[in-house]
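Structure record follows, encoded as structure tokens.
Numbering (my numbering), first residue to last: 1070 to 1209.
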């Protein structure tokens, strides 16, 4: 088996974007070896499709990152395998206040590159957050 290597870099001379906990996001990630895994956008629904946390950004963010964890586990991955994370939120201020810390706790010290975009509406108007992730796992 070839082992993937994920290197997270923050080049000098660039602003270091930090989350609410003070942890820096890398501006670039270099991957050598490995298989790329692409997750569809995940939202705050349970296994039966029921919304979790209506009008509650913290509850929805928690549910979304729990769902991401479940999906990553299916392919033998975890938060540390994530190399890119795109967050679509209907209220950027609410995401910064309640959702960003959930993402930080989920990814811990292995931060992916990250983009957060405020959108007018998601697929269901009750959704407050939708997150896409790209991960890399070891090749078999």
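Heads up, the beta-carbon is just placed ideally off N, CA and C, and yes, glycines get one too.
Distance, residue j Cα to residue i Cα
i	j	result
residue 1107	residue 1098	16 Å
residue 1110	residue 1191	11 Å
residue 1079	residue 1182	10 Å
Boundaries (first-last residue) of the alpha helix (DSSP H) holding residue i
i	result
residue 1135	1126-1143
Exposure label - residue i; buried when at least 16 CB within 10 Å
i	result
residue 1205	buried
residue 1119	exposed
residue 1101	exposed
residue 1113	buried
residue 1084	exposed
residue 1194	exposed
Opening and closing residue of the beta strand (DSSP E) in which residue i lies
i	result
residue 1170	No beta strand (DSSP E) holds residue 1170; the alpha helix (DSSP H) holding it covers 1169-1176.
residue 1078	1074-1078
residue 1155	1151-1158
residue 1107	1104-1107
residue 1203	1198-1206
Beta-carbon proximity of residue i to residue j, cut-off 8 Å
i	j	result
residue 1196	residue 1171	no
residue 1168	residue 1132	no
residue 1207	residue 1082	no
Checklist line | Segment contact flag, the stretch 1122-1139 with the stretch 1159-1169, C-beta cutoff 8 Å, min 3 pairs | finding: Touching, yes, given that three or more Cβ pairs across the two stretches are closer than 8 Å.
Check: Does the count of Cβ pairs from the stretch 1177-1192 and the stretch 1127-1142 closer than 8 Å reach three?
Finding: Too few Cβ pairs lie closer than 8 Å, so no.
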